[in-house]
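Structure (structure tokens):
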């Protein structure tokens, strides 16, 4: 039964990626602007533009262009960047690992901060720590990323001088982007974790376990925490994809050479092949992580396999 569920989810993942490849291919070509003119400049003649379009393969019918693109993807060839004149695969991979480091740092920051707060708030409902947790969560979910990034730069880079504000020069450069990306997610985990702990602590088996004389902290961590965190496992898997896809503003603000910054530049320059590759990469990250989370949840809760 589990293998049937896994194979079904893998099939659904391939269908999603196929649909994304079509949508990204079509939408970037519907956007105004001509890549050939971006390369040649405004002074280019009609003949020059036609020759450049032929060189880039943009003079072919859309169906033929898509088939060429998909065959290339299946062979690991994502094409050549129109603007950078480099292989798209090497361009994207070098940027991807920067974004991955930022995403992992943001995830670590958000979980390290939010889980202890959620546990304390859930086990001390109505106390100061509970009100603090809710204020922390509301602020994190309501503050725009741009404002949060500016605030982090002013406090930690300008006034305190602890972390660099711009550029990618090592681990310390990851801190401010990680805080900016991670705080909104920490707010979500805090609210979900708190609610989960409160709901689980109201269950009869928790009351019975405490009545047996087992220390409360043991009950909280061994039973309540485990069950309260199950929904967050799903959220964590999907959030990594959100970090990768939503890093455009953050990477641009902090001057980080990741896929978010590259996507922003490539869309502006109508670099079709880079945009297609980045959208497909982000969609693949979403789909694969979602698949892994579903498999983990199916292992934890067998009822999911029957849905």
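Numbering (the UniProt record's numbering), first residue to last: 1 to 307.
Glycine included, every Cβ here is placed at the ideal spot set by N, Cα and C.
Everything numeric in this text was worked out from a predicted model, so none of it was measured.
Contact set for residue i: own chain, Cβ-Cβ below 7 Å, skip 5 residues either direction
| i | result |
| --- | --- |
| residue 306 | For residue 306, the pLDDT reaches just 48, beneath the cut-off of 50, and the residue's location in the model is therefore unreliable, leaving the point undetermined. |
| residue 87 | 80 |
| residue 216 | 210 |
| residue 172 | 163, 164 |
Extent of the continuous alpha helix (DSSP H) to which residue i belongs
| i | result |
| --- | --- |
| residue 217 | 216-219 |
| residue 172 | From DSSP, residue 172 is part of no alpha helix (DSSP H); its letter is neither H nor E. |
| residue 264 | 259-268 |
Per DSSP, cross-strand counterpart(s) of residue i
| i | result |
| --- | --- |
| residue 80 | 87 |
For residue i, the three-state DSSP class (helix, strand or coil)
| i | result |
| --- | --- |
| residue 47 | helix |
| residue 247 | coil |
| residue 124 | coil |
| residue 306 | Residue placement at residue 306 is flagged as unreliable, the pLDDT there being 48, under the threshold of 50; the coordinate-derived value follows with that caveat. The answer is helix: DSSP assigns residue 306 an H, G or I state. |
| residue 153 | helix |
| residue 213 | coil |
| residue 223 | helix |
| residue 231 | helix |
| residue 75 | coil |
| residue 140 | helix |
| residue 58 | coil |
| residue 297 | helix |
| residue 237 | helix |
| residue 289 | helix |
| residue 271 | coil |
| residue 11 | helix |
| residue 256 | coil |
| residue 31 | coil |
Contacting residues, own chain, Cβ-Cβ under 8 Å from residue i (five flanking each side not counted)
| i | result |
| --- | --- |
| residue 238 | 286, 289, 290, 293 |
| residue 280 | 17, 20, 21, 24, 73 |
| residue 252 | 260, 261, 264 |
| residue 40 | 48, 49, 52 |
Close-in-space but distant-in-sequence residues of the same chain around residue i (CB under 6 Å, 5 per side omitted)
| i | result |
| --- | --- |
| residue 255 | 166, 167 |
| residue 13 | 287, 291 |
| residue 124 | 130 |
| residue 83 | 269, 271 |
| residue 59 | 53 |
Of all the alpha helix (DSSP H) runs that stay within the bounds of the segment 177-214, which reach a length of 4 or more residues? 204-211
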